[in-house]
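Residue numbers (the working numbering), protein chains in the order written: chain A, 1 to 299; chain B, 1001 to 1299.
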């Protein structure tokens, strides 16, 4: 075939989206091959990593989750190369920002069979830090009540894979800025997570609760950090199936991910919660590794 | 940013996979932008279209399914442009082959919200016809018993979307050539479909059965053709929930898609079925629009 390089349309679209910097297998690119199985099937995984002062925060945890995810999908990666490329990539960027690391099964022919696709693609994208109102962190947020329900699929539950249409559909439900995040239930009306966060709440007896991820949901790196910090402090944690009735009885509620850290939840449906002390304690622990002030918008 | 054109790594990988020809929004390319939401979230749909003598077979049905899928995902396409590009693309290719048409929500920033991504990407890829043993068509195939179960997600059921990890995991289960396809059940052990086909069977009373697609599965274009042909011939068709016990009692079984047409099923688990007359009748109808002989391998 005749290769259409330079790829004008690819460059034009990447520029339009203000793509800052992107590496494919260590090489600076604007695009990826049209044969990549990440595009065709969502056949891959990703990690969204906050970079603070050139340091990828919680990198070992991200890498470990990626490694486990690749194992479950049968994708072979060399963690050493992934780490080395990440370091090289970050060295070329600004001090603070977001790296999105994607691993796909690589390029292949037509058809679902992954046989023959044995060179996984490593993709690194750089994004500036997002901006959020300071009050999201300081006073808490209001959760939108997503009507899109998460399906059940134990084979993929917990994974941060590239099949994310459910989150796209849920996030599409609202445009109103008064909701900083939306809460998603599953087909059985059990609480699972936010569209981009995990959810926790503190019960009256001080125990910390978060939904288990047996049937759906993403096992967030910040979720894991929160669980570990609680356990180290002697706070009992429970991962179960819960309904909104359980949430309604909570004394504090928060959502978390590895970019924002923690946002207290102050309202959802007819319920509201005060800013809680455990929430604030955990926020302080996270702020020590990645200051939330860097995300405050000027508005 | 500095654009890395020509994209050496993109071209290298595309060439390695023998990418024949690819258009992005009407322009010949080897890759697509790294910002495309098809890659990041599987945020899009596809059609696999058989081309016979320069004619895209069942094109109106493919386009109609694509249009409905885009509607459900909230992606706006102009069918006229899609059709025009397909025609221009096919004109440049060989007489017979496969076009894979992908529509993604287009390029966007980081985050699930589709807001701002309002230029869907149109991607056309050309593949040679696949080769299959003539006996797949003439004597029937043996179905592999996939252990990967399809999850339940009514929001996405029926759609030919780009979130296809379930099919990848199922297709990964076997490498043995004696199985030309694998049968997938859902979480409740109901029969749904093959990894790349829909499944039908004829009951003792002559009625034609195929699983409904309320919770999962792809509403295949060939499935629709089969249902219509049966109805036109006064053959009762039923779409229900079925278990393998129902399949076991069938007098003929077949799988179908819009590339292969129909393969009779001769064996699955401990059961076997003879080559049936309705199966052969339907095969003949399909052969009239796209001859199966073109797919016979020389082996």
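Even for Gly, the Cβ is constructed at its ideal location relative to N, Cα and C.
Q.
Assuming residue 1264/B and residue 1239/B are in contact, meaning their beta carbons sit under 8 Å apart, how far apart are those beta carbons, in whole angstroms?
A. Not really, about 21 Å apart at Cβ, beyond 8 Å.
Q) Considering residue 1021/B, what are the terminal residues of the beta strand (DSSP E) in which it resides? A) 1021-1024
**Q.** Pick from 242/A, 85/A, 290/A and 73/A that is closest to residue 225/A, judged by C-alpha positions
**A.** 290/A
Q) Hey, is the region 1119-1137 of chain B in contact with the region 1024-1039 of chain B, meaning 3+ C-beta pairs nearer than 8 Å? A) yes
Q: Kindly list the residues whose CB is nearer than 8 Å to the CB of residue 179/A, restricted to its own chain and excluding five residues on each side of it in sequence; keep chain order.
A: 141, 142, 143 and 144
(Q) Using DSSP's beta-bridge definition, name the partner residues of residue 272/A. (A) 267/A
Q.
Can you tell me where the beta strand (DSSP E) holding residue 256/A begins and where it ends?
A. 252-257
Q.
With H, G and I counted as helix, E and B as strand and the rest as coil, what does DSSP make of residue 1249/B?
A. coil
Q) Beta carbon of residue 1197/B: closer than 7 Å to some heavy atom of the ligand ATP? A) Although the ligand ATP was asked about, the structure shown includes no ligands whatsoever.
Q | 8 Å Cβ shell around residue 107/A - same chain, five flanking residues per side excluded | A | 33, 35, 36, 37, 117, 119 and 121
Q: Determine the DSSP secondary structure at residue 9/A, reduced to helix, strand or coil.
A: helix
Q. Any idea if residue 104/A is buried or exposed, counting beta-carbon neighbours within 10 angstroms, 16 or more meaning buried?
A. buried
Q) Cβ of residue 70/A less than 8 Å from any chain B Cβ? A) no
Q: Can you say whether residue 308/A is buried or exposed, counting buried as having 16 or more other CB atoms within 10 angstroms of its CB?
A: Since the first residue shown for chain A is 1 and the last is 299, residue 308/A is missing from the structure and cannot be characterised.
Q. Going along the chain, which unbroken runs of the beta strand (DSSP E) with 3 or more residues stay wholly within the region 38-114 of chain A?
A. 44-52 and 97-104
Q. Is any beta-carbon of chain A found at less than 8 Å from that of residue 1146/B?
A. no
Q: Anything in chain B within Cβ reach of residue 261/A, meaning under 8 Å, just list it in chain order.
A: In chain order: nothing, as chain B lies at least about 16 Å away.
Q. Is it true that the CB of residue 1129/B sits closer than 8 Å to the CB of residue 1046/B?
A. no
Q) Just curious, the beta strand (DSSP E) that residue 1208/B is in, first and last residue? A) 1208-1211
Q | Partners in chain B for residue 98/A, counting only beta-carbon separations shorter than 8 Å | A | 1110
Q. Residue ranges of each beta strand (DSSP E) run of no fewer than 3 residues wholly in the region 1140-1174 of chain B, ordered along the chain?
A. 1141-1145
Q. Given that a residue counts as buried once 16 or more other Cβ atoms are within 10 Å of its Cβ, and exposed if not, what is residue 4/A?
A. For residue 4/A, the predicted model reports a pLDDT of 40, less than 50, meaning its position is unreliable; a value from the coordinates is still stated below. Residue 4/A comes out buried.
Q | C-alpha gap between residue 156/A and residue 214/A, whole angstroms | A | 9 Å
Q: For the region 168-187 of chain A, enumerate the residues whose C-beta is nearer than 8 Å to any C-beta of chain B, in chain order.
A: 168, 169, 170, 171, 172, 175 and 187
Q. So with Cβ pairs under 8 Å, would you call residue 290/A a contact of chain B?
A. no
Q) By a C-beta neighbour count over all protein chains shown, 10 Å radius and 16 as the cutoff for buried, is residue 1092/B buried or exposed? A) exposed
Q: May I ask which residues mark the beginning and end of the alpha helix (DSSP H) holding residue 1032/B?
A: Note, residue 1032/B: premise wrong, no alpha helix (DSSP H); beta strand (DSSP E) at 1031-1033.
Q) Who are the neighbours of residue 43/A on chain B, taking C-beta pairs under 8 Å? A) 1164, 1165 and 1168
Q.
8 Å is my cut-off, CB to CB: does residue 1287/B come that close to chain A?
A. no
Q) Can residue 1159/B and residue 1185/B be called in contact, C-beta distance under 8 Å? A) no
(Q) If I measure Cβ to Cβ from residue 1021/B and keep anything under 6 Å in the same chain, skipping five residues before and after, which residues do I get? (A) 1126
Q. In terms of residue numbering, what span does the alpha helix (DSSP H) encompassing residue 1223/B cover?
A. 1221-1232
Q.
Quick check: what's the CA-CA separation for residue 65/A versus residue 41/A?
A. 21 Å
Q: Report back the beta-carbon spacing between residue 17/A and residue 1109/B to the nearest angstrom; my notes put them in contact at under 8 Å.
A: 6 Å
Q: Please confirm if residue 237/A has its CB atom under 8 Å from at least one CB of chain B.
A: no
Q. Given a limit of 8 Å on CB to CB distance, which residues of the region 1008-1024 of chain B reach chain A?
A. 1008, 1009, 1010, 1011, 1013, 1014, 1015, 1016, 1017, 1018, 1019, 1020, 1021, 1022 and 1024
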